[in-house]
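Q:
In this note's numbering, the protein residues as written are 3 to 643.
(1) Do residue 458 and residue 452 count as a contact pair if the criterion is CB distance below 8 Å?
(2) Starting from residue 227 and walking both ways along the alpha helix (DSSP H), at which residues does that stretch end?
(3) Please return the same chain residues whose Cβ sits closer than 7 Å to the Cβ of residue 527, not counting the five positions on each side in sequence.
(4) List the endpoints of the continuous alpha helix (DSSP H) containing residue 547.
(5) What is the C-beta distance between residue 42 and residue 434, in whole angstroms, given that I count them as a contact (C-beta under 8 Å)?
(6) Judging by CA-CA distance, which residue of 115, 86 and 197 is the nearest neighbour of residue 366?
(7) Could you give the distance in angstroms between the alpha-carbon of residue 1 and the alpha-carbon of residue 241?
(8) If the criterion is Cβ atoms closer than 8 Å, does the pair residue 174 and residue 115 meet it?
(9) What are the residues that DSSP puts in a beta bridge with residue 285?
(10) Looking at the unbroken alpha helix (DSSP H) that takes in residue 51, where does it start and where does it end?
(11) In angstroms with no decimal places, state the Cα-to-Cα distance between residue 296 and residue 283.
(12) Which same chain residues, not among the five before or five after residue 480, have their C-beta less than 6 Å away from its C-beta?
(13) Return the first residue and the last residue of the alpha helix (DSSP H) that residue 123 is part of.
(14) Can you say whether residue 563 is buried or exposed, counting buried as having 16 or more other CB atoms within 10 angstroms of its CB?
(15) Out of curiosity, what's the CA-to-CA distance linking residue 347 and residue 137?
(16) In chain order, which continuous runs of the beta strand (DSSP E) of length 3 or greater are located wholly inside the region 3-80?
(17) Going by C-alpha distance, which of 158, 51 and 64 is nearest residue 93?
(18) Where do the ends of the alpha helix (DSSP H) carrying residue 325 lie?
(19) I need the boundaries of the alpha helix (DSSP H) containing residue 623, first residue and last residue.
(20) Taking a contact to mean a Cβ-Cβ separation below 8 Å, would you say residue 490 touches residue 589 in this structure?
(21) What is the DSSP secondary structure of residue 332, counted as helix, strand or coil?
(22) Tell me the DSSP secondary structure of residue 449 in three-state form.
(23) Can you give the beta carbon distance from residue 199 to residue 338, rounded, assuming they're within the 8 Å contact cut?
(24) In the DSSP output, what is residue 432 paired with across the bridge?
(25) For residue 534, collect the residues of the same chain with a Cβ closer than 6 Å to its Cβ; drop the 5 residues on either side in sequence, then sort them by chain order.
(26) How about residue 82 and residue 58: do their beta carbons lie closer than 8 Å?
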C-alpha cells in the first residue's frame, strides 16, 4: 500500500485542520524545532499501528496434548499510544483521516490470502487456536484494483467503520502480519514487515545486537516495537538480529554442510553485504557461545574486527537502517524516520540520501522522513518537501506551491550553490546582499538580544538581483522574511518618481569595466562590441550597454526638498513591508572610517570587540537600531549590560 494523504484536526499541536500530502516514494518533512514534526509522525504511526493494522502477536500457550500451541493476542500496549487533543481544543471534536492507495503487491497478496486461506488453516490449526484466515473468503476482489484509494477516518479516538471494498482492504491490513507469519513458519514465504518506525531516540540506549536464543522472546520485542512512539524506545535492531540468528540456527538444524553458504546467499543478506561493502565494511553473524546459542554482529573495517557495541554513534545509526530494512525483510512497506541525519557526518548524510533513493527503487518501500539537515533538500527532492511550523502555538503544514514557483528546480540550484538550504529550517529569514552584510547584521541581531526561541537566519543572496528568487521560495514555503538592502535597491523596485532620483554613474562603469578583472560585464561588453563591429548590427550592443548603465546607477548628488520627501516616504513605506533600505547608501557608510574598504578581516575584528556598537558612527546607529527592532518584532530592544 501507499500512504497518499494524512489530514489532522485538534490532535496534539495541530488545532486547526492540516493536511500532509505524501505523493512521492520519499517524502521529506522539514521545519524549525517545536514546529510539530515529531507529533505529525506519531499521529501517522499511531493511526496505522493502533487502528488499521491492530498488530497482534503469537504467544505460547501449551496444553498437555498440544505442547506447541500458540495463541494470537491483541497488543494491549497499543492502548498506551494516545493522541491527545490540543490544549485549546478540549471541547472540540478530534479528527484524523488517512488516504491509502492500493498497489499491485496488495492485489497479489489479497488474491493469495483468499486462495490459500483453507490450506493454511489446515496446516496451522494444530499449533494455533484462534486463527481466522478464512475471513479472506468473504472479500470481493473484483471491487478492488491497483490505484484505488480508500479513506479511513478516526473521530475522537474511534475508527469509523468502513463499508464495502474499504472494509475488505482494512481486513487485509489486519490479517497481513498473522498470515505472513504462518506462511514463513511453514516455509512458503519469508516473513515481511509492513511498517518500520525509527523515532529520534532509536540509538539513545546501547544498541543491543548480541542475542541469546535461549532467552529470546520475539513476541515481546514485536509487542514493544509495534507500540513505540517518539516517547518510547524501540528494540528494532534486537528483533532484526534475533531473526537473523533464528534463520541461521534453523539452517544448522538441517545442515548438510552448506548452512553458512545458504545463509549468505539469502537475497536480503546478499544485498545487506553489498551495501556494507560499499561503505567499507564486511560483516558476519558470530556465534559467541555455541552452548547458549549466543550470537552477535561482528564488523571488519581496515582489517580491524569489532562488534557493533564498539561502533561509533554514526556507524550504529547506519547499521540500524540497514539491519532494520534487510534483516526484517521490509519490502513494499512504509518506513518512517524521525531526524534521519542523527549522529551522521554530512558526507554520510549524503550517502544516506542516496541509500534511501536506491532502497525505494529496489525494495518498493515508501519513506517518510523528518530532518533538520540541509543535505536532504535538493532540486530533485524539493517537490516532495513539506514544511511543518508553529504559529500562535498551533502547528501548520505547508507544501511547496509549484503554481507560485514554476522554476523550483532552477531556484533550488541557486540556493544549493550558495549553501543556503538552512532557510527552510528557520522561523524567519533576513535576506542581505553580500557576505559583509551577513557578518555585520548577524552581530547586530545578537547584540540587541536575538531570542533563542526563534530561529532567525541571515542569508547572503550574493547581489540584489537574486532577492526576487529567494522571495518566491520563501513565500511558497510560507516562511516570514525581511530584506536589508543598499539604497540603490530603491531604483530597482521604486515608482517612476523614485527611479528618477537615480542617475548613471560613469565612474562606477569605468571602474567595473577597466579595473575589475573578474567583471562579467566587461567580458560581455567586449564580446558584444566585437560582434557588432564585425556584423554592423548594434542592437545587441545597445541592449548590453543599457543593462550596464542600469546596473551602475547612484542617487543624485543633490536632491530638492520635494525629492528628499519622495525618497524618505518610499523608504518608510518599504519598512512597513519588511524591506529595509539603508538611507545612507550601503553598509560601509555605517562603519568606522577604517572599515570602509570592504575588508572582511577588519570587519570581523570590529564585531569581535565587546562593545563594537560604540565604535560605529553615531548618525547611523539610530537607523540600524530601528531596523533590528522591527526584525526582532519587539516593542523595545534591550541593550546588553
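Heads up, the beta-carbon is just placed ideally off N, CA and C, and yes, glycines get one too. The structure presented is a predicted model; accordingly, all values stated were derived computationally and were not measured.
A: To lay it out plainly:
(1) Walking along the chain shown from the start, residue 452 turns up at place 450. Walking along the chain shown from the start, residue 458 turns up at place 456. A distance below 8 Å separates the beta carbons of residue 452 and residue 458.
(2) What you label residue 227 is simply residue 225 of the chain shown in a count that begins at 1. Counting along the chain, the alpha helix (DSSP H) containing residue 227 begins and ends at 220-228.
(3) Translated into positions along the chain shown, residue 527 becomes position 525. Once the five neighbours on either side are set aside, the close Cβ partners of residue 527 are 515, 546 and 550.
(4) The residue labelled residue 547 in the question sits at position 545 within the chain shown. Where residue 547 is concerned, the enclosing alpha helix (DSSP H) stretches over 541-553.
(5) The residue you call residue 42 lines up with position 40 of the chain shown. The residue you call residue 434 lines up with position 432 of the chain shown. Rounded, the Cβ-Cβ distance is 33 Å, inconsistent with contact.
(6) Indexing the chain shown from 1 puts residue 366 at position 364. Of the listed residues, the one whose Cα sits closest to residue 366 is 197.
(7) This structure does not reach residue 1, given that the chain is present from 3 up to 643, and the question cannot be answered.
(8) For the purposes of this step, residue 174 is taken as the residue at position 172 of the chain shown. For the purposes of this step, residue 115 is taken as the residue at position 113 of the chain shown. Closer than 8 Å, so yes.
(9) Position 283 of the chain shown holds residue 285. Among the bridge pairs identified by DSSP, residue 285 is matched with 301.
(10) Residue mapping note: residue 51 aligns to position 49 of the chain shown, counting from 1. Counting along the chain, residue 51 falls outside any alpha helix (DSSP H), and DSSP gives it neither H nor E.
(11) Walking along the chain shown from the start, residue 296 turns up at place 294. Walking along the chain shown from the start, residue 283 turns up at place 281. Looking at the two C-alpha atoms, the distance is approximately 23 Å.
(12) Taking the first residue of the chain shown as position 1, residue 480 is located at position 478. If we look at residue 480 and ignore the five residues flanking it on each side, its Cβ neighbours are 400.
(13) As a first step, residue 123 is located in the chain shown; it is residue number 121 there, counting from the start. 106-126 is the span of the alpha helix (DSSP H), which, as asked, contains residue 123.
(14) By one-based count along the chain shown, residue 563 stands at place 561. Exposed is the call here.
(15) As a working note, residue 347 is residue 345 in the chain shown. As a working note, residue 137 is residue 135 in the chain shown. Here the C-alpha atom of residue 347 lies approximately 49 Å from the C-alpha atom of residue 137.
(16) If you keep only unbroken beta strand (DSSP E) runs of at least 3 residues inside the region 3-80, you get 4-11, 20-23, 28-32, 58-62 and 72-76.
(17) For the purposes of this step, residue 93 is identified with residue 91 of the chain shown, where counting begins at 1. Among 158, 51 and 64, the Cα nearest to that of residue 93 belongs to 158.
(18) Translated into the one-based positions of the chain shown, residue 325 becomes position 323. Looking at the DSSP string, the run of the alpha helix (DSSP H) that includes residue 325 is 315-329.
(19) The sequence position of residue 623 within the chain shown is 621, counting from 1. Segment 620-634, the alpha helix (DSSP H) holding residue 623.
(20) As a working mapping, residue 490 is identified with position 488 in the chain shown. As a working mapping, residue 589 is identified with position 587 in the chain shown. Not a contact, by the Cβ cut-off of 8 Å.
(21) By 1-based counting over the chain shown, the position of residue 332 is 330. Reduced to three states, the DSSP call for residue 332 is coil.
(22) Along the chain shown, read from residue 1 onward, the residue named residue 449 stands at position 447. Residue 449 falls in the helix class under three-state DSSP.
(23) Indexing the chain shown from 1 puts residue 199 at position 197. Indexing the chain shown from 1 puts residue 338 at position 336. Contact flag correct, Cβ pair sits at about 5 Å.
(24) Here residue 432 refers to the residue found at position 430 of the chain shown. The partner list for residue 432 (beta bridge, DSSP) reads 460 and 484.
(25) In the chain shown, counting from the first residue as 1, residue 534 sits at position 532. 540 and 543, listed in sequence order.
(26) Taking the first residue of the chain shown as 1, we reach residue 82 at position 80. Taking the first residue of the chain shown as 1, we reach residue 58 at position 56. No, the pair does not count as a contact, with Cβ atoms beyond the cut-off.
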